[in-house]
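Structure, as structure tokens:
Residue numbers (this note's numbering): 3 to 328.
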């Protein structure tokens with residue numbers, strides 16, 4: 003894919019939306035500027051700042067550049083418009099190369115494209131409290147499973163810095179080699195963490211973590227509501243995770259903090275959480291479980307309502323047009 007300039011094009015088609023966020027709420031400051039600002043524990047991070055950050059990270063990740071440059075709202079909005087239509091046919095003035103790129107990378111980009119859900123998740127992770135024992139460690143160690151574009155690994159970086167850690171070793175596991183390679187190159191360039199290209203269901207993937215106390219585990223491999231958790235291998239990943247490094251994560255913070263899943267065989271909902279290795283009671287093992295809700299910021303939120311409280315920060319077009327992760 004050719005590199006694209008972050009400058010606003012004078013020839014941008016008129017039908018593109020001019021804004022995703024309400025214009026007075028968007029900040030075009032560089033991604034790395036925001037990242038450093040968020041790391042200050044004295045800084046109260048607003049929802050609008052988080053959504054601006056997700057939008058700009060989405061744009062820079064796609065273009066593989068511009069993390070130190072201002073990102074104009076019009077260019078971000080143009081990208082979001084194309085992503086909202088990337089499953090359909092091109093329109094006459096579309097950038098065909100970009101549209102094909104968005105189709106090829108659709109699965110890994112959907113979380114970034116669903117900016118309100120991502121913003122809600124980032125807020126919850128950044129503000130999670132650490133276990134007192136881990137706060138005394140010399141190094142913060144984080145693990146992100148199904149890391150994709152690495153946005154949750156960045157949330158862990160902010161969490162580490164806001165909790166006073168100068169040294170953070172962050173590991174993201176990614177199965178898709180193409181996605182993992184791009185995120186590996188990006189994180190190496192920005193010096194933010196390590197990307198392990200491997201299968202999170204394979205115990206060998208965790209070899210680098212066997213002797214480390216882990217402060218945070220995020221696992222984004224949660225299936226959509228109409229699909230069983232096994233569709234994204236959430237259950238088998240958690241089985242391997244807890245069997246392999248269970249003692250290393252006993253005091254870790256988690257995203258999700260817990261899941262509410264529906265078992266149609268028993269016609270009942272069940273809580274999946276850290277204390278049962280996200281497997282639920284033994285009688286549910288081996289059954290198909292469908293995610294319904296998520297425990298986030300200490301509250302139970304229906305999965306389709308995740309990020310809903312931030313929708314009022316978006317323009318009317320964005321509220322109805324942006325694609326959904328779940």
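Every residue, glycine too, gets a C-beta built ideally from N, C-alpha and C.
Just so we're clear, the structure is a prediction, and the values are computed from it rather than from any experiment.
{"Check": "If you draw a straight line from the alpha carbon of residue 221 to that of residue 307, how long is it in whole angstroms?", "Outcome": "19 angstroms"}
{"Check": "Name the DSSP beta bridge partners of residue 296, please?", "Outcome": "261 and 303"}
{"Check": "Helix or strand or just coil, what does DSSP make of residue 30?", "Outcome": "coil"}
{"Check": "Going by alpha carbons, who is nearest to residue 271 out of 62, 196, 296 and 122?", "Outcome": "296"}
{"Check": "Per DSSP, what are the beta-bridge partners of residue 275 in this structure?", "Outcome": "260"}
{"Check": "When you compare each of 128, 53 and 158 to residue 26 by their alpha carbons, which one comes out closest?", "Outcome": "53"}
{"Check": "State the Cα-Cα distance for the pair residue 417 and residue 56, rounded to the nearest angstrom.", "Outcome": "Outside the modelled stretch of the chain, which goes from 3 to 328, sits residue 417, for which no answer is possible."}
{"Check": "Residue 259: which of 279, 226 and 245 sits nearest, CA to CA?", "Outcome": "279"}
{"Check": "What is the DSSP secondary structure of residue 308, reduced to helix, strand or coil?", "Outcome": "coil"}
{"Check": "Might you give, ordered along the chain, the residues of its own chain that have their beta carbon closer than 7 angstroms to the beta carbon of residue 312, omitting 5 neighbours on each side?", "Outcome": "49, 53, 118, 121 and 122"}
{"Check": "Considering only residues of the same chain and omitting the five flanking positions on each side of residue 303, which have a CB-CB separation below 7 angstroms?", "Outcome": "295 and 296"}
{"Check": "Check for me: the alpha helix (DSSP H) holding residue 59 runs from which residue to which?", "Outcome": "49 to 65"}
{"Check": "Spatial neighbours of residue 31 within its chain, please: CB distance less than 7 angstroms, with the 5 preceding and 5 following residues excluded, ordered by chain position.", "Outcome": "72"}
{"Check": "The beta strand (DSSP E) spanning residue 199 covers which residue range?", "Outcome": "196 to 199"}
{"Check": "Among the residues of its own chain, which have a CB less than 7 angstroms from the CB of residue 161, if the five just before and after it don't count?", "Outcome": "127, 128, 130 and 218"}
{"Check": "Are residue 202 and residue 231 touching if we call contact CB-CB under 8 angstroms?", "Outcome": "no"}
{"Check": "When you compare each of 125, 116 and 65 to residue 103 by their alpha carbons, which one comes out closest?", "Outcome": "65"}
{"Check": "Roughly how many angstroms lie between the CA atoms of residue 10 and residue 77, to the nearest whole one?", "Outcome": "Reliability of the predicted coordinates at residue 10 is poor, the pLDDT of 37 falling under 50, and the value obtained from them is presented with this limitation in mind. If I take the Cα positions, the gap works out to 6 angstroms."}
{"Check": "Rounded to the nearest angstrom, what separates residue 266 and residue 299 at their Cα positions?", "Outcome": "27 angstroms"}
{"Check": "Determine the contact status of residue 173 and residue 210, defining contact as a CB-CB distance below 8 angstroms.", "Outcome": "yes"}
{"Check": "Could you give the distance in angstroms between the alpha-carbon of residue 68 and the alpha-carbon of residue 158?", "Outcome": "22 angstroms"}
{"Check": "Look at the alpha carbon of residue 237 and the alpha carbon of residue 95, and state the distance between them as a whole number of angstroms.", "Outcome": "44 angstroms"}
{"Check": "Closest to residue 233 by CA distance: which of 62, 291 and 321 is it?", "Outcome": "291"}
{"Check": "List the residues that DSSP assigns as beta-bridge partners of residue 145.", "Outcome": "173 and 219"}
{"Check": "Please identify the residue among 81, 138 and 45 whose C-alpha is closest to the C-alpha of residue 97.", "Outcome": "81"}
{"Check": "Based on the DSSP secondary-structure assignment, which residues constitute the bridge partners of residue 291?", "Outcome": "265"}
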